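Sequences listed follow chains V and W, in order.
So the numbering used here is basically just the index in the first sequence, starting at one, shifted up by 6.
So the numbering used here is basically just the index in the second sequence, starting at one, shifted up by 1152.
For every residue, glycine included, the Cβ atom is placed at its ideal position computed from N, Cα and C.
Please read all numbers here as calculations on a predicted model, not as lab measurements.
Take a look at the structure below.
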Amino acid sequence: EAEVAQSPRYKITEKSQAVAFWCDPISGHATLYWYRQILGQGPELLVQFQDESVVDDSQLPKDRFSAERLKGVDSTLKIQPAELGDSAMYLCASSPDRDRGEKLFFGSGTQLSVL
Amino acid sequence: KQEVTQIPAALSVPEGENLVLNCSFTDSAIYNLQWFRQDPGKGLTSLLLIQSSQREQTSGRLNASLDKSSGRSTLYIAASQPGDSATYLCAVRPTTGTASKLTFGTGTRLQVTL
């Protein structure tokens, strides 16, 4: 069964360092999402791509976070510099078609700890 | 702004018991609602998707209902098993604005004991 792939699985970094997360969505899925989930809370959308275009990045802290999906397939989320409050699970999800409200398929996430 | 609430926050039941998890939302103008399961330290798995025009969806021992007018959904788990232990989250998709932006609840952490 096709899955959303994410790496690394865990990342420990020091404050002010740069970190990057990678996501490969299910083949053929046009829409890709990055979510952040703080322990004990539901996921919150950081950025949404439709193919290679950003559809919604209203909740992305653009002074330190950036995301790209250059060829409309895999995607990278970067944080520079990392802050203590960035410690969270970063989840990538994909769906076949944004406008039809299809199910979301999530990856296993990257657990980030900022020391 | 849509707000999604899940009660209870945590629940412990003995194996074999039937149980109901609750989800409420403040804006009834939704496109659909999804129930997800999340195991500790893992991503989310979609369990059931209910369109706004539907009243319920069933998959195996799971049954989800939707009452849009009252802003409520329930997830019914029949004959619970220890393998059902996980956090269950509901999420709603709005009909207007950024159509794909899901709003999640904070989840119900379920433990099924032997």
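Taking the Cβ atom as the reference point for each residue, do residue i and residue j lie within a distance shorter than 8 Å?
{"i": "leucine 1200/W", "j": "glutamine 1206/W", "result": "no"}
{"i": "glutamine 1158/W", "j": "glycine 1235/W", "result": "no"}
{"i": "threonine 1239/W", "j": "glycine 1212/W", "result": "no"}
{"i": "lysine 109/V", "j": "serine 1176/W", "result": "no"}
{"i": "alanine 1243/W", "j": "glutamine 1186/W", "result": "yes"}
{"i": "proline 49/V", "j": "tyrosine 41/V", "result": "yes"}
{"i": "leucine 1227/W", "j": "leucine 1218/W", "result": "no"}
{"i": "aspartate 92/V", "j": "leucine 118/V", "result": "yes"}
Would you please verify whether the beta carbon of residue i is less than 8 Å from any beta carbon of chain W?
{"i": "aspartate 80/V", "result": "no"}
{"i": "aspartate 62/V", "result": "yes"}
{"i": "leucine 45/V", "result": "no"}
{"i": "proline 14/V", "result": "no"}
{"i": "proline 102/V", "result": "no"}
{"i": "glycine 48/V", "result": "yes"}
{"i": "leucine 38/V", "result": "no"}
{"i": "leucine 51/V", "result": "yes"}
{"i": "leucine 97/V", "result": "yes"}
Using beta carbons (cut-off 8 Å, strictly below), is residue i in contact with chain V?
{"i": "threonine 1210/W", "result": "no"}
{"i": "threonine 1250/W", "result": "Caution applies to threonine 1250/W, whose pLDDT of 49 falls short of 50 and renders its modelled position unreliable; the model cannot decide the point."}
{"i": "phenylalanine 1177/W", "result": "no"}
{"i": "glutamine 1154/W", "result": "no"}
{"i": "lysine 1253/W", "result": "yes"}
{"i": "proline 1166/W", "result": "no"}
{"i": "leucine 1262/W", "result": "no"}
{"i": "threonine 1265/W", "result": "no"}
{"i": "glycine 1257/W", "result": "yes"}
{"i": "leucine 1214/W", "result": "no"}
{"i": "leucine 1241/W", "result": "yes"}
{"i": "glutamine 1186/W", "result": "yes"}
{"i": "isoleucine 1229/W", "result": "no"}
With respect to the beta strand (DSSP E) encompassing residue i, which residues constitute its N-terminal and C-terminal limits?
{"i": "valine 25/V", "result": "25-30"}
{"i": "proline 102/V", "result": "Note, proline 102/V: premise wrong, no beta strand (DSSP E); not H, not E."}
{"i": "valine 10/V", "result": "Per DSSP, valine 10/V belongs to no beta strand (DSSP E) and is neither H nor E."}
{"i": "leucine 1262/W", "result": "1260-1265"}
{"i": "isoleucine 1159/W", "result": "1156-1159"}
{"i": "asparagine 1184/W", "result": "1182-1190"}
{"i": "aspartate 63/V", "result": "Unbroken run through aspartate 63/V: none, as it is neither H nor E."}
{"i": "glutamate 1208/W", "result": "1208-1211"}
{"i": "threonine 82/V", "result": "81-85"}
Q: Pair every Cβ in the segment 1162-1170 of chain W with every Cβ in the segment 25-40 of chain V, then say whether three or more of these pairs are closer than 8 Å.
A: no
Q: Please name the residues in the segment 106-121 of chain V whose beta-carbon is closer than 9 Å to at least one beta-carbon of chain W, in chain order.
A: Gly107, Glu108, Lys109, Leu110, Phe111, Phe112, Gly113, Ser114, Gly115 and Gln117
**Q.** Residues from the segment 1192-1210 of chain W in contact with chain V, defined by Cβ distance under 9 Å
**A.** Gly1193, Lys1194, Gly1195, Leu1196, Thr1197, Ser1198, Leu1201 and Gln1203
(Q) Under 8 Å, with one C-beta from each stretch per pair, do the segment 21-31 of chain V and the segment 74-91 of chain V reach the 3-pair mark? (A) yes
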